[in-house]
Structure formats: structure tokens, C-alpha cells
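A.B. asks: Going by this note's numbering, the first residue of the sequence shown is number 3, and it counts up by one from there. Cβ atoms here follow ideal geometry from the backbone N, Cα and C, with glycine treated the same way. Remember, it's a predicted structure, so these values are computed and weren't measured experimentally. What follows is a structure written as C-alpha cells; I'll ask about it next.
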Amino acid sequence: MHLLYVDESGDTGRHNPENHTFVLCGLLVHHADWHEAQAAFRDMRQRLRANFGLPIEAEIHASELLGRSPSRFGLDRTARIKAALHQVEMIRRQGSLFAIRIIVDKRSFEGDVLTVAWHDMLSAAKSVAISTEHGRCSSPGIIVICDDHRTAPGSGWLHTVKKDLDMESVLLDQPFGRDSRASDFLQACDMLAYLTKQTVEPAGFFSRDNSRWLIERCDRMFDERGLSFRLKGKGGAYAPPDRNLGGS
Numbered sequence: 003m004h005l006l007y008v009d010e011s012g013d014t015g016r017h018n019p020e021n022h023t024f025v026l027c028g029l030l031v032h033h034a035d036w037h038e039a040q041a042a043f044r045d046m047r048q049r050l051r052a053n054f055g056l057p058i059e060a061e062i063h064a065s066e067l068l069g070r071s072p073s074r075f076g077l078d079r080t081a082r083i084k085a086a087l088h089q090v091e092m093i094r095r096q097g098s099l100f101a102i103r104i105i106v107d108k109r110s111f112e113g114d115v116l117t118v119a120w121h122d123m124l125s126a127a128k129s130v131a132i133s134t135e136h137g138r139c140s141s142p143g144i145i146v147i148c149d150d151h152r153t154a155p156g157s158g159w160l161h162t163v164k165k166d167l168d169m170e171s172v173l174l175d176q177p178f179g180r181d182s183r184a185s186d187f188l189q190a191c192d193m194l195a196y197l198t199k200q201t202v203e204p205a206g207f208f209s210r211d212n213s214r215w216l217i218e219r220c221d222r223m224f225d226e227r228g229l230s231f232r233l234k235g236k237g238g239a240y241a242p243p244d245r246n247l248g249g250s
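Right under this line is the structure:
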């Protein structure tokens, strides 16, 4: 069984010309590997405290960590950017994590943004779950965890998409919410979603060339450990070809 952690960046509204991108990002981890992944996050936290002074209990909220504040958690911006890079690299190197991102250009996409984004997220997660063989568990299944339930789709739509994607034997119960402050996995999703949005709609620091290395490192992580889908037009999705759906 896999746990799918999901968070978003941007909004689904179409009336803000300065916000034309919506990103839904998920992290998959097999339940048999969950403790290993959590230990990797814990080790990362200890390194961030030792190297940069970031408190272990601090919430790594991307827009605040990488925002304009001259000092957050007592760290200057350079240290905070290095901390974000450290988090992305930990995800890339942790073999038990698999990332999925759905990118919607609201200027050209004509469908229901949230509905189709979730449809593609669950479709990709199902492909990974049923194609991944794990030595300690052979039963495919997915439990969805969202940031405090705000990102989750409605129960009526979920019933429809479960049938459309033939997920009734894969998806367990309805998505449930957790406080992201208590979940390293959700905070990692938040970081990946935020960096992905800055890739296509850069603002502030990310509009300058010297920020590209952080964006490129995020893209590299998805190239090696994930899937990317871009939605445009009337609802068509594009995924890079020849991508290994099974991860490691």
C-alpha cells in the first residue's frame, strides 16, 4: 500500500492575470518504506539545524522560507535558499519517495482545473502503485493525505473518478487532512509545488537568473524520481515520454 501526500501552489480561479498557473504536487511512499523515509527527513532536519541553525520543529513553508523577509527563523535569505536546496536533494536521493506534479496553465486550459488535476494525479499514482513490486507487500492500495483537507476533492466527484479510473479496489477511503506543521511529507510537497510554480511563473527572487540553479535542481529531481504532467487546451495532458512509472 502507498501513501500519497498532496499539496498545491496557486489557486484555481481565472480572474487574476498575475496568477495563471495551478500546481498539484504529490509524494508517494510505500507503507513498508514509510519509517525509512521519515528517518531520512529527521536526519535532514538535524543537518539543517547543524549547518544553518534552522530549528528542528520549524515548519518549512516554501513561500515563507523563500520569501522577501530579510530574516526568517533568524536565517538570512542565502541560508534559507540552501536549506530549500537541501530538502529537494534529500527527496531526490531518497529511493523510497516518488514525486508527481500536475501543472495547469489556466489561460489556455478550458476544463475544471481542480477536477482534472486530481484526476491526473490519481491516475498517475495508480499507475505507480500497481506497477511497483515491493518485497514486503504485494497488495496495491493508495491512501491520500492532504494539507488540512483543503486540497482534497469533494466526495461526490471522488465517487465518479474512482469509477472512471477503476480505482475502487485501489483507493482506500476518502482523502483526509493533516496539519502540515506535523508532516515532513506535506511540507516537502509544498516545497516542490512552490518551486514548480516558480518554474513557469517566476516572481521576486525567482525572476532573476541567479535563482535558476534551485529551479533546475527541482526539475532534475522530477526527471530522476517523478512524473510531470502539463494540462492545456480542452483538457489534454502531456507527460514526458519513456518515463519509468515504477520508480526504483
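Is Asp-150 closer than 9 Å to Arg-180 when the C-beta atoms are compared?
C.D. replies: Taking 9 Å as the Cβ cut-off, Arg-180 and Asp-150 qualify as a contacting pair.
A.B. asks: So, at 7 Å on beta carbons, what are the nonlocal neighbours of Lys-199 in its own chain, with the 5 sequence-adjacent residues on each side left out?
C.D. replies: Closer than 7 Å at the Cβ level, and outside the excluded window around Lys-199, lie Ser-11, Gly-12, Thr-23 and Val-25.
A.B. asks: Leaving out the 5 sequence neighbours to the left and right, which residues in its chain are closer than 6 Å to Val-146 when beta-carbon positions are compared?
C.D. replies: Leu-6 and Pro-177.
A.B. asks: Check whether the Cβ atoms of Arg-74 and Asp-186 sit closer than 9 Å, and answer yes or no.
C.D. replies: No, the pair does not count as a contact, with Cβ atoms beyond the cut-off.
A.B. asks: Going by C-alpha to C-alpha distance, which of His-4, Arg-51 and Leu-68 sits closest to Gly-206?
C.D. replies: Selected option, being the one with the closest Cα: Leu-68.
A.B. asks: Helix, strand or coil: which one does DSSP assign to Tyr-14?
C.D. replies: A small fix is needed here, since residue 14 is Thr in this sequence, not Tyr. Looking at Thr-14 - three-state DSSP - the assignment turns out to be coil, as it is neither helix nor strand.
A.B. asks: Are the CB atoms of Leu-216 and Ile-83 within a distance shorter than 9 Å?
C.D. replies: Going by C-beta atoms, Ile-83 is nearer than 9 Å to Leu-216.
A.B. asks: Alpha carbon to alpha carbon, how far is Gln-96 from Leu-173?
C.D. replies: Computed Cα separation, rounded: 24 Å.
A.B. asks: Secondary structure at Ile-147, three-state DSSP: helix, strand or coil?
C.D. replies: Three-state DSSP puts Ile-147 in a strand.
A.B. asks: Is it buried or exposed for Arg-214, if we count other Cβ within 10 angstroms and need 16 for buried?
C.D. replies: Answer is exposed; the Cβ neighbour count stays below 16.
A.B. asks: Taking the alpha-carbon of Glu-218 as reference, which of Leu-160, Lys-108 and Val-90 has the nearest alpha-carbon?
C.D. replies: The shortest Cα separation from Glu-218 among Leu-160, Lys-108 and Val-90 belongs to Val-90.
A.B. asks: Extract the residue ranges of the alpha helix (DSSP H) inside the segment 24–112, only unbroken runs of 4 or more that lie entirely within it.
C.D. replies: Fully enclosed alpha helix (DSSP H) runs of 4 or longer: 36–54, 64–67 and 79–95.
A.B. asks: What does the alpha-carbon distance come out to for the pair Phe-54 and Ser-71?
C.D. replies: The straight-line gap from Cα to Cα measures roughly 17 Å.
A.B. asks: If I measure Cβ to Cβ from Val-202 and keep anything under 7 Å in the same chain, skipping five residues before and after, which residues do I get?
C.D. replies: Here the set comprises Thr-23 and Ile-105.
A.B. asks: Thinking just about the alpha-carbon of each residue, which of Glu-59, Asn-18 and Met-92 is nearest to the one in Glu-38?
C.D. replies: Among Glu-59, Asn-18 and Met-92, the Cα nearest to that of Glu-38 belongs to Met-92.
A.B. asks: Which runs of the beta strand (DSSP E) at least 3 residues long sit entirely within the segment 201–236? Give them in chain order.
C.D. replies: The qualifying runs are 228–234.
A.B. asks: From Ser-129 to Asp-168, what distance separates their C-alpha atoms?
C.D. replies: Taking the straight line from one Cα to the other gives about 11 Å.
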